[in-house]
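Reading through the C-alpha cells given below for one structure.
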Amino acid sequence: SSGPVVFRVAADPAGESVAALREVPGSTASEVVAWDPATGQELFRREIEDGTFDLAWSPDGNWLAVTDPGPPGDRGHVTVFDRTGDVVAEVWEAVDVGIGHIAFTPDGEHIVGERFPVYDNDAEPAIHTWDWRTGEVVDRLATPDTRGVWLSDDGALAASVLDGERIAIL
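Counting from 1 along the sequence shown, just add 24 to a position and that's the residue number in the numbering used here.
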C-alpha cells in the first residue's frame, strides 16, 4: 500500500507484542515499531539512523533486540529495548563488522548472531554468542560466508546457511 515498506516482523512467544522493522520514507534510516496486537495500540517507535538487519524477542517477551550495521568506519551492534522502548543494553562489534540475523537463547541470557564484514572489511565471518547484558562474547564459531543463524527451540542446535548453497548444523 502507500505506507512504509516493512522488511521484518516478529511476535513475542506469548503473542502479546508484535514488532516490525520498516523503512523511513526519504531516509536511509529504519524504524522499529512495536504494537499490542490485541488492541492495535502502539507500544513504542524508535528510529535507527543507519538502517537495520533483524529483530528478535526474548523468550519471556520482555526484551526486543534489533541489529544495525552502523555507518562506514563505525561498529555494527545490537540494541536491546524493553517493552516501553527504553534501551536497556547494547552489544558492539568491531569497526566495519555487521551483526545480521539474531536469536535469543531459550533461557534469554544470551543472543546468538551472525557477524560479517561490511564496507570491504576483511574480518572473518562467524557466529557469536553474546551476554547481552554485559556485551561480552561468550562463544564464537568461525564460519565461511555465514548467512543467518537459527536456534532450535531448546537451544541445543543452531543452523546457518553457508555460501548460499549449504546448511551447517552446529
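Beta carbons: idealized from backbone N, C-alpha and C, even for Gly.
These figures come from a predicted structure and were not determined experimentally.
Following the DSSP letters along the chain, one finds residue 121 inside the beta strand (DSSP E) bounded by residues 121–128. Annotated as distal: residue 129 and residue 150, with beta-carbon spacing of 7 angstroms or more. Where residue 138 is concerned, the enclosing beta strand (DSSP E) starts and stops at 134–141. Inter-segment contact for the segment 67–76 and the segment 116–124 is absent: fewer than three beta-carbon pairs are separated by less than 8 angstroms. The DSSP-derived three-state label of residue 147 is coil.
Selection 44, 123, 82 and 100 evaluated against residue 29 yields 44 as nearest (Cα-Cα).
According to the DSSP assignment, residue 157 belongs to no beta strand (DSSP E), since it is labelled neither H nor E. For residue 163, the pairing in a beta bridge is given by DSSP as 153. Sequence-distant Cβ neighbours of residue 78 in its own chain, meaning closer than 7 angstroms and more than five residues away, are 32, 91, 124, 125 and 126. DSSP links residue 29 through a beta bridge to no other residue. Taking 8 angstroms as the upper bound for CB-CB distance, residue 100 and residue 67 are not in contact here, some 25 angstroms apart. Residue 82 is classed as buried because its beta carbon has at least 16 other beta carbons within 10 Å across all chains shown.
CA-CA distance, residue 139 to residue 154, rounds to 11 angstroms.
By alpha-carbon distance to residue 132, the top candidate from 157, 145 and 143 is 157. Assigned with DSSP and collapsed to three states, residue 77 falls in coil, not helix or strand. If you ignore the 5 residues before and after residue 107, its C-beta comes within less than 7 angstroms of the C-beta of 41, 67 and 86, all in its own chain and listed in chain order.
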